[in-house]
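Below you'll find the structure, written out as structure tokens, and then a few comments.
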Amino acid sequence: MNVLSDILGHLPPASAYTVVAAAVLAESVLLVGAFVPTLSLLLTAGALARTGHVDILLVIAVAAGAVVAGDFLAHRTGRYLGDRLRGGHLGRRVPDAAWARAETLMTRHGGRAVFAARFLPVVRTLVPHTAGATRLSYRRIAPYSVVAACVWATAEAGVGYAAATSLQRFLTLGGPALALVALMAIGGALLWRRRRRPPEAEGQAPEPGTESSGHVQAGLTRPVS
Numbered sequence: 430m431n432v433l434s435d436i437l438g439h440l441p442p443a444s445a446y447t448v449v450a451a452a453v454l455a456e457s458v459l460l461v462g463a464f465v466p467t468l469s470l471l472l473t474a475g476a477l478a479r480t481g482h483v484d485i486l487l488v489i490a491v492a493a494g495a496v497v498a499g500d501f502l503a504h505r506t507g508r509y510l511g512d513r514l515r516g517g518h519l520g521r522r523v524p525d526a527a528w529a530r531a532e533t534l535m536t537r538h539g540g541r542a543v544f545a546a547r548f549l550p551v552v553r554t555l556v557p558h559t560a561g562a563t564r565l566s567y568r569r570i571a572p573y574s575v576v577a578a579c580v581w582a583t584a585e586a587g588v589g590y591a592a593a594t595s596l597q598r599f600l601t602l603g604g605p606a607l608a609l610v611a612l613m614a615i616g617g618a619l620l621w622r623r624r625r626r627p628p629e630a631e632g633q634a635p636e637p638g639t640e641s642s643g644h645v646q647a648g649l650t651r652p653v654s
């Protein structure tokens, strides 16, 4: 995430919005959802919005718009390729389990699957393609695509924005308190360890039988009168 922060933080705002849109669009259209870090990207963009580098509402709007456009293009791609979609170069790189999950969602829920899949990595890339390949009308999935895009973009960018605020407050207010608690814990552990240490004996106790043997030796060496 530090790398993404460095990249987006050094870009002009317009370029940062473009990177967000391109990444989300690529995830939706190119069947490479597993390799595009959109979650980290939106969290980073949300955190940068807290610093004022970008606007949080524009980040959400750009990401949501890219999702809707990506779902539309993915549907068209699936409709055009049909059965060839899964057997293509990129389609073969997707695990069979992910394809099976996408097909199950489409069979059970139809257009609503687009909404549910938006929150499932990799599957959200496959469901719009599968909808097109099964000849499901785009009008059936469009409302769910729009709602899911808005909720998803708001949630991910919003978490980044809120986390940046919480981290800043913690470093300002909670850091010294945490350091004090840590020092108290270390001191308590050292005191507990010292009390559990057995006390050292003042003198070494005689071994069993030593005292009696001493008396015997004394009697043997006593002069006979």
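Read left to right, the sequence shown gives residues 430 to 654 (the numbering used here).
All C-beta atoms in this analysis are idealised placements derived from N, C-alpha and C, irrespective of residue type, glycine included.
With respect to Y573, F548 sits apart: the two C-beta atoms are not nearer than 7 Å. The C-alpha of G511 lies about 41 Å from the C-alpha of L477. With respect to the C-alpha of A560, the residue from A592, G507, A529, T533 having the closest C-alpha is G507. Burial check for G481: the Cβ neighbour count within 10 Å stays below 16, so the residue is exposed.
C-alpha of A542 to C-alpha of V556: approximately 7 Å in a straight line.
For the pair A495 and L470, the CB atoms are not nearer than the 7 Å cut-off. Between the alpha carbons of E585 and L472 lies a distance of about 6 Å. In the three-state reduction of the DSSP assignment, D435 falls in the helix class. Your pair A492 and V458 does not check out as a contact, with CB atoms roughly 15 Å apart and the cut at 8 Å. Around the beta carbon of H558, a 10 Å sphere encloses 16 or more other beta carbons of the protein chains shown; the residue is thus reported as buried. For the pair I489 and T583, the CB atoms are nearer than the 7 Å cut-off.
Here Y446 has V483, L487, V488, V491 as same chain residues with Cβ atoms under 8 Å from its own Cβ, once five neighbours each way along the sequence are excluded.
Annotation: V465 is outside any alpha helix (DSSP H) and is labelled neither H nor E by DSSP.
With a threshold of 16 other beta carbon atoms within 10 Å, H439 falls short and is exposed. In the same chain as G589, and ignoring 5 residues on each side of it, the C-beta atoms closer than 7 Å to its own belong to L471, L472, T473, A474, G475, A476, in chain order. Scanning H538, A591, E532 for the CA closest to the CA of T554 turns up E532. If the five residues before and after H504 are omitted, its C-beta is found closer than 6 Å to the C-beta atoms of P557, A560, G561, Y567, all from its own chain and listed in chain order. DSSP places T447 inside the alpha helix (DSSP H), whose first and last residues are 442-458.
Using a Cβ distance threshold of 7 Å, L534 and A546 count as a contacting pair. Closest in alpha carbon position to V551, among G587, T467, A571, is T467. Rounded to whole angstroms, the separation of the alpha carbons of A577 and A591 is 21 Å. The beta carbon of I570 lies closer than 6 Å to those of G540, V543, A560 in the same chain, with the five residues before and after it left out.
Excluding sequence positions up to five before and after L454, its CB lies within less than 7 Å of the CB of A495, A498, G499, all in the same chain and listed in chain order.
Distance from the CA of T536 to the CA of D435, rounded to the nearest whole angstrom, comes to 43 Å.
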